[in-house]
Amino acid sequence: MSADTSTTKFRHNTADNQVSHHTKLDNSFYCIKSMQWLLVIGIIVLLYSSLVGLLNILFPEKHLDWDNINTDVLNFPETFTWGVATAAHQIEGHNVNNWTQFEDRENKESSGSACDHWNRWQDDHNLLVELGVSSYRFSIEWSRIEPNQGDWNEDAIQVYSDMIDSLISKGIEPMITLHHFSHPIWFEEKGGFYQQQNISYFVDYCSRIFPYFSDRVNKWCTVNEPDVFSIMGYHMGMFPPGLRSPLKAIRVMKNVMVAHGEVYHRLKHLNPNSYVGLAKNVTIFDPYRRWNLLHWLTTFALNYIWNGAIISALSRGKMYGKSVTKVKNSADFIGLNYYTHVLTSPFLPQTTEIDLPSRSHETVTEFGYPMYAEGLERATKWLNKLAIPIEITENGVADGEDSLRPTHLKRHLWVIADLIAKGVDIRSYYHWSLMDNFEWAEGYSMRFGLYHVDYENQQRTLRNSGKTYQQIISRHNK
Ligand code: BGC
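Heads up, the sequence shown is in this note's numbering, so the first residue is -10 and it goes up one at a time.
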């Protein structure tokens, strides 16, 4: 081998070695880089799953195994109040208010004669007796009492007064709601609860009407569902005035709570012994996909807007970062209207006409939302923060065929009995509703009654679920 050849070989070898050395370095560099990336991704995945795991542990979506629960065994204390609920505009017929105006303007199904309760209330009171309830929650219609501003209709006041006497003579305790979604057109045209300066009209109306009845009526609900009223009317556009602005809805909700606070103090001043509260709809929001943080974020936001803000107003005098001082501690009881939970994602339907999602094992009711009695327990957890008695002012189901209502009723009562046994201060249950009635945006298509109503001839017929309720009440009233 010549010296030249060996030098060339040596050079080649050195060059090869250098190349392979560089390649090795490059490879290990890329290896380290990708390991770093893998590590970063791993940490992100770990953090994400720990966070989601923690949220799942902290906020479980409770589901009971109903097949193994005997809902026929229900134990309630003797002092428990059994009731049913209605609202003026849904049953009375021929009102002239913000709702009738909206029904006409939006070409909605007209409430018309509704259940013609204004003319048939004596007979309807007999239905209460037939059921055996000891209390009846109903609302008085502001637009009948003050159809024009400052113009007081004594005849209408007398009819409500007669209703109260009739109930008492039958041993049924009245619970009056002062505002259940409807009010006079003159009030609506001034801007309703959207304008803060209008709150005084409502407060004056309540203070004026209260002394007519307060000698005989102890239980008062100032307003029904400030949450539903404002969100359906000002954000979802499905209640009057039909607007679609979340900010307006929040403003109205706040004003309604301020109105509640003012009315509470006025009524307590007029009669310190009366028992005054409001009916709060607690809807539970749960993330649709429990691994999706965006669904969790939406859930937290909605739970705060719908439930947390009102609880915070009542417990801390603060709502949406603003002070509502007179609202703090302005309730002797909290009325709970409970219907369902809503599975939430950032793309929630903007109208109730779209079917809401449900878990595969859940029964979907006619309204499109799931039957979820377990949520009632979770709802009371929100309300327990107030440390005042809970009255279940509404609970029921749209079920024209009456195929779900018996089960629905028994499951919810089972949860309530269980809560009472665990020490939660629940004093009453008012089933929604005594009879089928005008279901707001859904018109007459949804039937919530323990009594079926034939709107052709206004005949009322007790459903099987009504009989079930009747039996439960009579078993406990012995
Ligand atoms: C309202 C009732 C209504 C019921 C059933 C509640 O939010 O207070 O007026 O009929 O839900 O949808």
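Beta carbons: idealized from backbone N, C-alpha and C, even for Gly.
Bear in mind that the values here come from a model prediction, so they are computed numbers and not experimental data.
Ligand 1 heavy atom lying under 6 Å from the CB of residue i
| i | result |
| --- | --- |
| residue 362 | no |
| residue 45 | no |
| residue 119 | no |
| residue 217 | yes |
| residue 135 | no |
| residue 213 | yes |
| residue 76 | yes |
Delimiting residues of the alpha helix (DSSP H) encompassing residue i
| i | result |
| --- | --- |
| residue 195 | 188 to 202 |
| residue 371 | 363 to 373 |
| residue 235 | 235 to 259 |
| residue 218 | 215 to 223 |
| residue 302 | 298 to 305 |
| residue 133 | 131 to 134 |
Close Cβ partners of residue i (< 6 Å) along its chain, the five nearest in sequence each way excluded
| i | result |
| --- | --- |
| residue 459 | 120 and 121 |
| residue 117 | 125 and 161 |
| residue -10 | Caution is warranted here: a pLDDT of 43 is assigned to residue -10, below 50, making its placement in the model unreliable, and no coordinate value can be reported. |
| residue 465 | 65 |
| residue 50 | 275 |
| residue 213 | 166, 169 and 268 |
| residue 380 | 322, 324, 416 and 417 |
For residue i, three-class secondary structure by DSSP
| i | result |
| --- | --- |
| residue 81 | coil |
| residue 396 | helix |
| residue 359 | strand |
| residue 455 | helix |
| residue 161 | coil |
| residue 517 | An answer regarding residue 517 cannot be provided, because it is not within the stretch -10 to 467 covered by the chain. |
| residue 329 | coil |
| residue 447 | coil |
| residue 424 | strand |
| residue 182 | helix |
| residue 334 | coil |
| residue -9 | Note on residue -9: pLDDT 48, under 50, position unreliable in the model; the coordinate value appears next. Here residue -9 sits in coil by DSSP. |
| residue 168 | strand |
| residue 211 | strand |
Option nearest residue i by Cα separation, candidates the options
| i | options | result |
| --- | --- | --- |
| residue 170 | 222, 163, 433 and 194 | 222 |
| residue 80 | 102, 286 and 236 | 102 |
| residue 388 | 409, 411, 355 and 414 | 355 |
| residue 182 | 246, 449, 416 and 224 | 246 |
| residue 149 | 164, 189, 454 and 397 | 164 |
| residue 35 | 300, 219, 280 and 314 | 280 |
| residue 73 | 158, 253 and 398 | 398 |
| residue 266 | 317, 334 and 83 | 317 |
| residue 251 | 262, 58 and 306 | 306 |
Residue range of the unbroken beta strand (DSSP E) whose run includes residue i
| i | result |
| --- | --- |
| residue 416 | 415 to 421 |
| residue 72 | 70 to 74 |
| residue 382 | 379 to 383 |
| residue 441 | 440 to 443 |
| residue 273 | 273 to 276 |
| residue 282 | Premise fails: residue 282 lies in the alpha helix (DSSP H), 282 to 292, not in any beta strand (DSSP E). |
| residue 86 | Taken as a continuous stretch (DSSP letters only), residue 86 belongs to no beta strand (DSSP E), as it is neither H nor E. |
| residue 265 | 264 to 270 |
Close Cβ partners of residue i (< 7 Å) along its chain, the five nearest in sequence each way excluded
| i | result |
| --- | --- |
| residue 296 | 271 and 371 |
| residue 285 | 44 and 276 |
| residue 448 | none |
| residue 453 | 391 and 395 |
Own chain partners of residue i with C-beta closer than 8 Å, once the 5 adjacent residues on each side are dropped
| i | result |
| --- | --- |
| residue 97 | 91, 430 and 432 |
| residue 331 | 272, 273, 274, 275, 291, 337, 345 and 358 |
| residue 156 | 114, 117, 125, 162 and 163 |
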